[in-house]
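First the structure, in the form of structure tokens, and then the observations on it.
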Amino acid sequence: MSSLLIKNADAIVTCDSQDAVLEHANLLMQDGIITYIGIEPQTADEVIDGTGCLVYPGLINTHHHLYQTFSRNLPQVQNMELFDWLTTLYEIWKNLNQDTIYHSSLTGMGELLKSGCTTCFDHHYVFPGGNSDALLDAQFSAARELGVRMYASRGSMDLSKKDGGLPPDSVVQNVDKILKDSQKSVEKYHNPAPNSMEMVALAPCSPFSASEELYRQSAILARDLGVRLHTHLCETIDEENYVLEKYGKRPLAYMEDMNWVGNDVWYAHGIHFNDEELNLLAQTGTGVAHCPISNMKLSSGICRIPDMLKLGVPVGLAVDGSASNDGSNLLEELRVAFLLHRLNSSKLAPSGYDLLKIATNGSAKILGRNDIGSLSIGKAGDLFMIRRNRLELVGADLDVKSMLGTVGFKGTVDYTIVNGKIVVKEGHLTGIDEEKAIYNCRQEVNKYLNH
């Protein structure tokens, strides 16, 4: 058995069902699993001195587009809203290849790890030439090198411009090809066992790039295979109008007709739900990945998080694609979410600690996982550590449970541990040579954008 001990941590914020915070405590992980939390002395193969450190559960990102890391901060799309933004960027994204996917995944997931995120769900739906095997191989290869817990998707689009959709012909496939590839991807990569490092969901892109048949058949296949379903929904008024005009119903009603509600389904964004629809989400256990920075940048609107939490709608946190966020920092997302809802909802807004729980417990729930999301015996050894002895935290760390939401943490975390293994140490990734990766990734992004 390999074991790792965090010894004498100043505070361990467990985010467990009792919201326990343990002071001057030890946390032992054996073969990737937490086996002890408390004040009794422990021994291990490897020991981290936690004196002066705050320990938190690993953050869980529930919606990303890692390939977009290489098309962020482009001047030509900075003032666009979603439909125009997508149409412009598809002309760049159609040139994606295996190398671009590998290096952009390494960049995006590396940033996530350095900001305390231990699990990343990626919604990849752009497959130029239909080559999904090579692109998913590249993503899992990057994840294994970094040591991050990876939840990929076989995303899909079958409506191109000629069909009334937004993407170009070269990045869509027909339904039969998509379903065949989807099954193959699940069989090749998906590991449903507890503490799994690699999982796959089926994820048609959106109602304006995926057909009714694709949604229906994907739902049938996913349930046959025992995997989850994910898509974008209710992100913009343009989307709402598109679905109303094309199908004669609101987006959620359209999803319900295709059997796309339930506790195995979660939507990205979910901004424009009405009261009746929020009740349906709560009753069916259908989840929402909240992407506040992306929603703000694209002027999409403000998700009704206070109402969702009150009703019991499952909610997780997400950074969304780097091209609509320009970063992959879930700690930043956590604080922005806190501030956004304080501005919009005042005392009804979730607290700083509520947001931490959303980014851990809530995110785990909408990914269908009960083995991550809190620090307790039997859960996976996924966590991050921050040294409190730094100027920017003086006077800010009196309430360690709320601090990440109310004050925020702007730098790189000191340690990130995934599955009981150190993947960030003293602020640096341990699985790769960062300097070499930066050089190679810069070379690739320049080649990709100058294609």
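Just so you know, the sequence shown maps onto residues 874 to 1324 in this note's numbering. Built from N, CA and C at the ideal position, the CB exists for glycine as well. Bear in mind that the values here come from a model prediction, so they are computed numbers and not experimental data.
Contact under 8 Å by Cβ, residue i with residue j
{"i": "residue 885", "j": "residue 894", "result": "yes"}
{"i": "residue 905", "j": "residue 1254", "result": "yes"}
{"i": "residue 1074", "j": "residue 1102", "result": "yes"}
{"i": "residue 1188", "j": "residue 1214", "result": "no"}
{"i": "residue 1041", "j": "residue 963", "result": "yes"}
{"i": "residue 1171", "j": "residue 1277", "result": "no"}
{"i": "residue 939", "j": "residue 981", "result": "yes"}
{"i": "residue 1173", "j": "residue 1109", "result": "yes"}
{"i": "residue 1038", "j": "residue 1304", "result": "no"}
{"i": "residue 1240", "j": "residue 956", "result": "no"}
{"i": "residue 1198", "j": "residue 1167", "result": "yes"}
{"i": "residue 1354", "j": "residue 1028", "result": "In the structure as shown, the chain starts at 874 and stops at 1324, and residue 1354 therefore has no counterpart that could be examined."}
{"i": "residue 1072", "j": "residue 1024", "result": "yes"}
{"i": "residue 1413", "j": "residue 945", "result": "Only positions 874 to 1324 of the chain appear in the structure, and residue 1413 is not among them; the question remains open."}
{"i": "residue 992", "j": "residue 952", "result": "no"}
{"i": "residue 930", "j": "residue 1266", "result": "no"}
{"i": "residue 877", "j": "residue 1293", "result": "yes"}
Alpha carbon of residue i to alpha carbon of residue j, nearest angstrom
{"i": "residue 1237", "j": "residue 984", "result": "20 Å"}
{"i": "residue 1298", "j": "residue 920", "result": "13 Å"}
{"i": "residue 1140", "j": "residue 1017", "result": "27 Å"}
{"i": "residue 1119", "j": "residue 1312", "result": "47 Å"}
{"i": "residue 1165", "j": "residue 1193", "result": "9 Å"}
{"i": "residue 1126", "j": "residue 880", "result": "52 Å"}
{"i": "residue 1093", "j": "residue 1273", "result": "44 Å"}
{"i": "residue 1148", "j": "residue 1316", "result": "49 Å"}
{"i": "residue 1144", "j": "residue 1036", "result": "26 Å"}
{"i": "residue 1306", "j": "residue 942", "result": "19 Å"}
{"i": "residue 1291", "j": "residue 900", "result": "14 Å"}
{"i": "residue 1099", "j": "residue 1054", "result": "16 Å"}
{"i": "residue 1014", "j": "residue 1151", "result": "38 Å"}
{"i": "residue 1288", "j": "residue 1212", "result": "26 Å"}
{"i": "residue 918", "j": "residue 1269", "result": "34 Å"}
{"i": "residue 969", "j": "residue 1225", "result": "38 Å"}
{"i": "residue 947", "j": "residue 1182", "result": "35 Å"}
{"i": "residue 1227", "j": "residue 1175", "result": "17 Å"}
{"i": "residue 903", "j": "residue 1242", "result": "20 Å"}
{"i": "residue 1251", "j": "residue 1069", "result": "14 Å"}
{"i": "residue 1185", "j": "residue 1230", "result": "14 Å"}
{"i": "residue 965", "j": "residue 1320", "result": "12 Å"}
{"i": "residue 913", "j": "residue 896", "result": "12 Å"}
{"i": "residue 1308", "j": "residue 1314", "result": "10 Å"}
Close-in-space but distant-in-sequence residues of the same chain around residue i (CB under 6 Å, 5 per side omitted)
{"i": "residue 1089", "result": "1131"}
{"i": "residue 932", "result": "989, 990, 1203, 1232"}
{"i": "residue 1136", "result": "1158"}
{"i": "residue 890", "result": "none"}
{"i": "residue 1095", "result": "1075, 1102"}
{"i": "residue 1059", "result": "1073, 1098, 1100"}
{"i": "residue 923", "result": "879, 880, 881, 882"}
{"i": "residue 1160", "result": "1139, 1187, 1239"}
Contacting residues, own chain, Cβ-Cβ under 7 Å from residue i (five flanking each side not counted)
{"i": "residue 1234", "result": "888, 1246, 1247"}
{"i": "residue 1008", "result": "971, 974, 997, 1000"}
{"i": "residue 1222", "result": "1179, 1214, 1215"}
{"i": "residue 977", "result": "939, 940, 942, 943"}
{"i": "residue 936", "result": "994, 996, 1141, 1162, 1164, 1191, 1193"}
{"i": "residue 925", "result": "883, 1260, 1261, 1262"}
{"i": "residue 1011", "result": "971, 974, 975, 978"}
{"i": "residue 1210", "result": "1163, 1165, 1190, 1228"}
{"i": "residue 986", "result": "1019, 1021, 1289, 1296, 1297, 1302"}
{"i": "residue 959", "result": "1039"}
Residues bridged to residue i [DSSP beta-bridge criterion]
{"i": "residue 877", "result": "902, 919"}
{"i": "residue 895", "result": "885"}
{"i": "residue 1297", "result": "1289, 1302"}
{"i": "residue 926", "result": "1260"}
{"i": "residue 911", "result": "899"}
{"i": "residue 933", "result": "992"}
{"i": "residue 1023", "result": "993, 1071"}
{"i": "residue 1190", "result": "1163"}
Nonlocal neighbours in the same chain, by C-beta distance under 8 Å from residue i, ignoring five residues either side
{"i": "residue 1084", "result": "1031, 1032, 1036, 1048"}
{"i": "residue 1133", "result": "1088, 1092, 1102, 1104"}
{"i": "residue 1117", "result": "1123"}
{"i": "residue 909", "result": "899, 900, 901, 915, 1250"}
Can you give, in chain order, each stretch of the alpha helix (DSSP H) that sits fully within the stretch 1101-1165 and has at least 4 residues? Residue ranges of uninterrupted alpha helix (DSSP H) with 4 or more members, entirely inside the stretch 1101-1165 and ordered along the chain, are 1110-1120, 1124-1130, 1148-1157.
With a floor of 4 residues, list each alpha helix (DSSP H) that falls wholly inside the stretch 1025-1110, ordered by position along the chain. Uninterrupted alpha helix (DSSP H) stretches at least 4 residues long and entirely within the stretch 1025-1110 occur at 1048-1062, 1085-1098, given in chain order.
Whole beta strand (DSSP E) elements within the stretch 963-997, 3-residue minimum: 990-994
Curious, which full-length beta strand (DSSP E) runs of at least 3 residues does the stretch 1216-1290 contain? Within the stretch 1216-1290, the runs of beta strand (DSSP E) that reach at least 3 residues and sit entirely inside it are, in chain order, 1256-1260.
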